[in-house]
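Trainee:
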Amino acid sequence: MKTVTQSKRRLLDLLRRDLSFKGETSHPAHNTHAFAAKFPSQLPRVFIESLTKPGDVVLDPMFGSGTALLEAALMGRIGIGTDMDILAVKLSRAKTCALDLLLARPTINQVVSHATFTYRSRTLNIESFLQKTYGPKVTAFIEYWFRKDTIEQLACLVKEIRQITHPAVRNFCEVIFSSIIVTKSGGVSIARDLAHSRPHKDELKKVKNAIEFYAEKADKTLTAMEKLGGVPGKAVVIRGDARSLPLAKCSVDLIVTSPPYANAIDYMR
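Under the numbering used here, the sequence shown has 154 at position 73, and the numbering climbs by one with no breaks.
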């Protein structure tokens, strides 16, 4: 009872603090991919650091972009989380897994090199590739939101990424691919405000070369992960329902989560 009371007091003290975090920085791995309504990394960090100790289990039952899981791992805790959104799962795994950087860099360089050659040589039948890979409905969607040259560049990237056999490296490459599309305004589509799930078309938007942008984003993210170095804790990312957690009773030391804004954000869109 005394321990519970002390924990409640510490929690109340934390809630009385200034939680605006003005001027504070976050780990660059948090910038891997845009994600709607994610909370600042400093918020879970202050509660995890104050209410748990290294080796404790921190649960986020609706982890979204994996902010709490990464923060838990960075502080030597075991972060466990579930989410139903496949993008959330892929993104969180990319941010928290022990990626083999010696394998990832040359693999990405090969993806970029081969995609560039295929795009310049026009050796890929784009229409046939799109129809076989995505079908007519998704192809029509792609053609609505992307310019023709961008579609060709993206298709060349997809072709190469789909040939990667290492699961963690392929997942990382897929997340980087998604990150150059799902942004607030700077992605390679002619949509704006995608990150907040309120896309609208802008025919005058200047769009970067998708292959070059992919190479830049991959290099920047890998550099951030290299700086991350060895993470003292670990993260367990589960695709699942928060209403049915695969955990034993009393197996978690702290729950930190930011529930989804169900009425404001269309996450699945």
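Don't be surprised by glycine CBs; every beta carbon is placed ideally from N, CA and C.
1) Do L95 and F120 count as a contact pair if the criterion is CB distance below 8 Å?
2) Measuring only the C-alpha atoms, how far is F258 from A175?
3) Mapping DSSP to helix, strand and coil, what is G216?
4) Locate the beta strand (DSSP E) running through A316, then write down its first and last residues.
5) Give me the Cβ distance between H195 and L155, rounded to the nearest whole Å; I'm assuming they're in contact under 8 Å.
6) From which residue to which residue does the alpha helix (DSSP H) around L155 run?
7) Kindly list the residues whose CB is nearer than 8 Å to the CB of M306, restricted to its own chain and excluding five residues on each side of it in sequence; keep chain order.
8) Assign H114 to buried or exposed, taking buried as 16 or more other Cβ atoms, counted over all protein chains shown, within 10 Å of its Cβ.
9) Going by DSSP, what residue range makes up the beta strand (DSSP E) through I159?
10) When the distance is taken between beta carbons, is D137 closer than 8 Å to D334?
11) What are the residues that DSSP puts in a beta bridge with H281?
12) Sort A185, I167, T106 by Cα distance to E152 and report the nearest one.
13) Closer than 8 Å is the cut-off here; do at least three beta carbon pairs connect the region 226 to 237 with the region 280 to 294?
14) Please report how far the alpha carbon of W226 lies from the alpha carbon of G268, in whole angstroms.
15) I'd like the list of long-range same chain contacts for L303, defined as Cβ closer than 7 Å, with 5 residues on each side in sequence excluded.
16) What would DSSP say about I336, mapped onto helix, strand or coil?
17) Express the C-alpha separation of G145 and I253 in angstroms, rounding to a whole number.
18) State yes or no: is the C-beta of P273 within less than 8 Å of the C-beta of I167?
Mentor: According to the data block:
1) no
2) 12 Å
3) helix
4) 315 to 320
5) That pair is no contact at about 35 Å.
6) 148 to 155
7) A110, L180, L182
8) buried
9) 159 to 164
10) yes
11) R273
12) T106
13) yes
14) 11 Å
15) L182, A185, R186
16) strand
17) A small fix is needed here, since residue 253 is Phe in this sequence, not Ile. Looking at the two C-alpha atoms, the distance is approximately 16 Å.
18) Reading off the sequence, residue 273 comes out as Arg, not Pro. Going by C-beta atoms, R273 is not nearer than 8 Å to I167.
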